[in-house]
Amino acid sequence: MGACSEQGEGNSLVQHLLWAKWCQLRNLPRSAGGGRSKALLGLLFGLSIWLGIYFGANWFVGKCLEVEPIGELIVEKMLDFVLLILFSMMLFSSVITSFSTFFLADDLQLLMSRPIDPYALYGARFIETLILAGWMPLLFSMPLFVNIGVQFGAGWTFYAVLAVALVSVTLIASAVAVPMTVILTNVLPAQRTRDVMVFLGVLGFVIVFVLFRAINPEQMLQPDKFNNTMELFASLGSPSSSWLPSSWALEALRPALRGDDRMAWLQLGTLVSTAGALFFVGGWVFRRWHGSGFSKALEGRHAGSGLERATGWLSRRKASGPELARRALAKLRSRTGPLNPGVEMMVKDARVFVRDTAQWSQIILLLALVVIYLLNFRYFRTLGEGGIIGPFGLFLMNVGLCGFIVASVGLRFLFPAISLEGKAFWLIITSPQTMQQFVGSKALAGAVPMLVISQLLSLSSNVMIGTPWPLTLVSVVVVATLVLGLSGLGVGIGAMYPRFDGDNASKVATSFGGMLYMMLALALVVAVLAMMAPPTWVLTQLLAGIDPWMLKRRPWLPVLCAAGVFVVPLAVGYGALKLGARKLGRSEG
Amino acid sequence: MSETPMGPGAPMIAVKHLRKVYGDFEAVKDLSFEVYPGEVFGFLGPNGAGKTTTLRMITGLLEPSSGEVVIDGHNLQTSPVAAKSVVGFIPDRPYIYEKLTAVEFMQFVAGLYRLDRATTASRIEELLDLFDLVRWGGSLIENFSHGMKQRLVVATALLHRPKLLVVDEPMVGLDPRGTRLIKKIFRQICGDGGMTVFLSTHSLEVAEEVCDRIAIMHRGVMIRNGTLEELRGEMDQPGSRLEEIFLQITAEEDDPAEGSALGGMFGAGGGQ
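Those protein sequences? They're chains A and B, same order as listed. Just so we're aligned: 60 in this note's numbering is position 60 of the first sequence, and the numbers increase by one with no gaps anywhere. All you need for this note's numbering is the position in the second sequence, starting with 1, plus 1000.
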C-alpha cells in the first residue's frame, strides 16, 4: 500500500486537501504521460543548471573578491540586489500562481460546493501557492548563496540564518500576493487579470533589465573607472529601502557572513513575525472576500469591467457580430479560387494568437530577448577588439548566439504549434489532409517569422561589429538554413510529443518533449558552428590576403564542412517532421 | 487493400473484421457490417459497448488493431484523404477554437476541404441561417452556449456537402427546438439529399424516430442489426417500443446480480 492510501482520520482538513495533491504527484509515474525516464532526464537537466549557476557564481564572486579593498562590499551589494530580485520574482510568481490556485483551478468547483471550513481551504491553497511559486526561484538562487558562504568561509550560522530568512521572504511574498489577488478578483475578472499581470510583469522585467544594463554594472569590477573614491562608495553604499523584507534578510545575513558571533535577532524576528502576521491577515481577507471573488471568476468573461472592455476591444470581442460576419463573407466572395488548407491554418493561428491575452506577454518576452541580445553585444564587441576571442571568434559567436536565440524562441513558438490545436485536433484528423501536409504547413508558417527575426538580429549585429560583407553573407545564409532546420525540429518533436491537454504554450514548452527539443536544438547549433568554422576560417584568411594552409593540406575539409552546414540542419528538420507526422498519425485520438 | 468497386448497391460504409485492443482488453471484437447510401443508421449500445471506439475508427481518429473500414469505396487505411473528404463528423463534445468567430471557424474548416471561396461564402450564409446562428456569425465562439456550439458544429460538418455524416450523441446540450431541427435535418438530407447518416446515440427515442436501420453493440460485439420491425420480430415483441427491445436484448448478457446489489445500496438501511 502506498502512502496515498494511508490517509488517517486524525489528520486535519488542510492536510487532507494537500494529501490529494500529493497523491496526484505520486501517481505521475503511473500515468501514461509520466515515466521514470522523463523524471530522471528532468533531474539531470535541473542538476546541470544548478551546477552551472554554482560554478558561474564561483567565478564571478571570486572576481569580485579580488577587487581590493572593496571586494566584500561589492559581494554584499550584489547579495542585496539578488535578494531584492528574488523577493520581486516570488511576489510576482505568487500573484500569478494564486490566481490559479484560489480562483481558476479545475478542482475549485468541486471543493467550493462541499462543506469545507474556509480557513482549511485557505491554509491548503496558501501552502500550495507557496510551494508552486517559491520552489524554482529558491532552488536556482541557492547555488549563489551557498557559493558566497563558501568563499567567505562562513560558519553554520550563515546557512541556518539563510534558511530562516529565505523561507520567511517566500512566506511574506505569498502572504502579500494572496490577499491582493482575492481583492483584485472582486474588482476585475480573474482570467484576464492574470494574463494582463503576466504581461505587465514581463514588461516590468524588460524595463528593469534595460535600466540595469544602462548603468554598466561591470564597471564595479574596475574601480579605476570611477572619478574619485567618493563616487565609488556612493555607488556601493546606496541603501535599499528599510521597509523591504529583502533588506531585513540581508541585515540578518550580514553578521553571519562576516563571522560575527552576534545573531541579528531583530531582523530575523521582523522577518518571521511579519510572515506570520500577514498570513493571518490573508486568512481574514480570504474569509471575507473569496466567496464573492470566486463567484465573479465563474461569471468570468461576462463581467463588464474596464479591463474587460479594453482587452475585449483589442480582441474584437465586442464588435457587432452580424456586421463582422457580413464583412467576412463579402471578403470571401470578392476573391476567386479554392481555399488553401495551409493558408487557412496560418490565418487561424494568427487570429487565435492575437486574441489570446496569454500570448501577449510572450511577444514582449520575444522583444526582450532581442533587446537584451543587442544591448549585450556592445560588451561582446570589446571582447573581440581586446583580442580575447578575435574577430573570427566574435563572428562565430554572433552566429552561435543568433542560433541560440532562434532555438529558445522556437521552444516557445514552434514546439507547441501542434499541441496548441488542443482538444480541437479532431478537426484536423477527420479532415482530408495528410499528417505530413499538416505538420509541414505548421513548420513553414513558423519558419517565416523566425526567418525575419533571425535575419534582423544577424544583420544588425554584424553591422555593429563591422563584419566584412562576404562574411555577413555567410552569416545570413547559415542562419537561414539553421532556422529552417530548427523549425522542422521544433514542429517535428512537438508532433512526436504533443500535449493536447495543455491549456497554454508555456506549459507545453516545459514538458519532456520541450526539453528534448531544446537539447537537440542546441546540439544542432553547436554542430553547425563546428562545421562552419573551417570554411569561414579559410574565407577570413583569403579576405586578409593570406594563403590559407588548410586549402593546401586538407582542401576537402572546408568543402565537406560547408556542405554539412547546409545538409545537416535541413536533413535534421526534414527527418524530425517526417517522424513527427508518422508518430502523430499513429497517436490514438 | 484494394479499393472497393462502386455501384448502385455499393455500401457507403463497409466495416470488415474490425478489432480494437487496448492492452489486454478487446474493446471491439471482429466487427463487420455495411451501411448503404441514403440510410440513417442507428448505432446503439450500453456504456462501454465499444460504440465510441468503432465511431472513432470509422472517422480515422483511431487506428484499428486489425480489419478495415471502407468509405464510399475508399479504404480508410490506404486512402485516408479520399475517404475523409466525403465524411462530415459531429463529435459528442465539440471542442472548437474558442477565439475564432463562427464565420472564421467555418471558413477555416472549408479550407481544410479546399472549398471554393464563393461556394464557402454562400454555404456559410445558408447554414448559419438554417441553424439560427446568423446573429452570432461574427461573435467569438467562447461566448456561445453549449447548444449554440453544437449547432455550429453540425452546420460546419455539412459545409462540404458530405456523402456520409458520422454523428456521436447529436442531442447533447440541445434544447427541444434544436433537437427537433436536427432530427428534421437528418431525415431531410437522407431523403432528398441522398446523404448517409451514421448515428451513435443513447437516445432510443431519437433512434426510433429517425433511423432506418438499427445496430446494437454489447461488449464489443454487434448483437443485433436490422430495421425496427425486424428487431421486434426477432424478439417476438410486435408493436413494442425500442426501449423495451433494447433493454431485453442487453439484459440477456448482463449480470443478474447487479440488480440486487443496486437494491441493497439504495434500499432501506442500504446507505449505512
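Virtual Cβ for every residue (Gly too), placed ideally from N, Cα, C.
With a threshold of 8 Å between beta-carbons, can residue i be considered close to chain B, or not?
i: Lys63(A); result: no
i: Pro115(A); result: no
i: Arg301(A); result: Reliability fails at Arg301(A), whose pLDDT of 44 lies under 50, so the model's placement of it is uncertain and no value is given.
i: Trp50(A); result: no
i: Val476(A); result: no
i: Glu66(A); result: no
i: Ile429(A); result: yes
i: Leu188(A); result: no
i: Lys583(A); result: no
i: Arg335(A); result: yes
i: Pro322(A); result: yes
i: Pro416(A); result: no
i: Arg351(A); result: yes
i: Pro555(A); result: no
i: Trp426(A); result: yes
i: Glu344(A); result: yes
i: Lys348(A); result: yes
Note down, in chain order, every chain A residue with its Cβ under 9 Å from the Cβ of residue i.
i: Arg1019(B); result: Those within 9 Å of Arg1019(B) in chain A number zero; the least Cβ separation is about 15 Å.
i: Ile1124(B); result: Ala325, Ala328, Leu329, Leu332
i: Arg1161(B); result: Neighbours of Arg1161(B) on chain A: none; closest Cβ ~14 Å, over 9 Å.
For residue i, return the contacting residues in chain A, with the cut-off set at a CB-CB distance below 8 Å.
i: Ser1085(B); result: Pro432
i: Ala1155(B); result: Residues of chain A passing the Cβ test: none, with the nearest at roughly 13 Å.
With burial defined as no fewer than 16 other Cβ atoms inside 10 Å of the residue's Cβ, what is the status of residue i: buried or exposed?
i: Tyr1113(B); result: buried
i: Ala350(A); result: exposed
i: His290(A); result: buried
i: Lys318(A); result: Bear in mind that a pLDDT of 47 at Lys318(A), under 50, signals an unreliable position, so the number given afterwards is only what the model happens to contain. Per the 10 Å Cβ criterion, exposed.
i: Gln362(A); result: buried
i: Thr135(A); result: Here residue 135(A) is Trp; the residue named in the question, Thr, does not match the sequence. Label assigned to Trp135(A): exposed.
i: Trp243(A); result: exposed
i: Val208(A); result: exposed
i: Ser12(A); result: exposed
Measuring straight from C-alpha to C-alpha, what distance separates residue i and residue j?
i: Leu1165(B); j: Leu1199(B); result: 8 Å
i: Gly1088(B); j: Pro341(A); result: 17 Å
i: His1074(B); j: Pro1162(B); result: 14 Å
i: Val478(A); j: Gln455(A); result: 10 Å
i: Gly8(A); j: Leu111(A); result: Only weak support exists for where Gly8(A) lies, its pLDDT of 44 falling under 50; the value from the coordinates is given anyway. Taking the straight line joining both Cα atoms gives about 20 Å.
i: Leu324(A); j: Thr336(A); result: 20 Å
i: Leu1062(B); j: Arg1056(B); result: 5 Å
i: Pro555(A); j: Ala544(A); result: 19 Å
i: Phe1105(B); j: Pro1170(B); result: 19 Å
i: Gly1226(B); j: Ala1215(B); result: 6 Å
i: Thr270(A); j: Trp248(A); result: 8 Å
i: Gly149(A); j: Leu278(A); result: 30 Å
i: Met622(A); j: Phe55(A); result: Lying outside 1 to 589, the shown extent of chain A, residue 622(A) is not represented and no answer is given.
Could you tell me which chain B residues have their CB closer than 8 Å to the CB of residue i, listed as they occur along the chain?
i: Asp356(A); result: Lys1099
i: Pro338(A); result: Arg1114, Leu1115, Asp1116, Arg1117
Is any beta-carbon of chain A found at less than 8 Å from that of residue i?
i: Gln1107(B); result: yes
i: Ile1013(B); result: no
i: Phe1089(B); result: yes
i: Glu1169(B); result: no
i: Asp1116(B); result: yes
i: Gly1009(B); result: no
i: Thr1054(B); result: no
i: Ala1251(B); result: no
i: Arg1151(B); result: no
i: Gly1220(B); result: no
Who are the neighbours of residue i on chain B, taking C-beta pairs under 7 Å?
i: Lys423(A); result: Tyr1095
i: Pro341(A); result: Gly1111, Leu1112, Arg1114
By the criterion of Cβ-Cβ separation under 7 Å, what are the contact partners of residue i in chain A?
i: Asp1024(B); result: Those within 7 Å of Asp1024(B) in chain A number zero; the least Cβ separation is about 16 Å.
i: Val1103(B); result: Ala325, Ala328, Leu329
i: Glu1063(B); result: Arg586
i: Ala1121(B); result: Leu329, Leu332, Arg333
Using 8 Å as the limit for Cβ to Cβ distance, is residue i near chain E?
i: Trp22(A); result: Protein chains A and B are contained in the structure displayed, whereas chain E is not.
Cβ closer than 9 Å: which chain B residues qualify as neighbours of residue i?
i: Val196(A); result: None at all; the shortest Cβ gap to chain B is about 16 Å.
Unbroken beta strand (DSSP E) runs of length 3 or more, entirely within the region 1079–1116 of chain B: which are they?
Runs found: 1087–1090.
In the region 1132–1211 of chain B, which residue ranges form an unbroken alpha helix (DSSP H) of at least 4 residues, counting only runs that do not cross its ends?
Listed in chain order, the alpha helix (DSSP H) elements of length 4 or more contained wholly in the region 1132–1211 of chain B are 1146–1157, 1176–1191, 1204–1210.
Start-end ranges of the alpha helix (DSSP H) lying completely within the region 46–130 of chain A, minimum 4 residues
DSSP runs (the alpha helix (DSSP H)) wholly in the region 46–130 of chain A: 71–99, 108–112.
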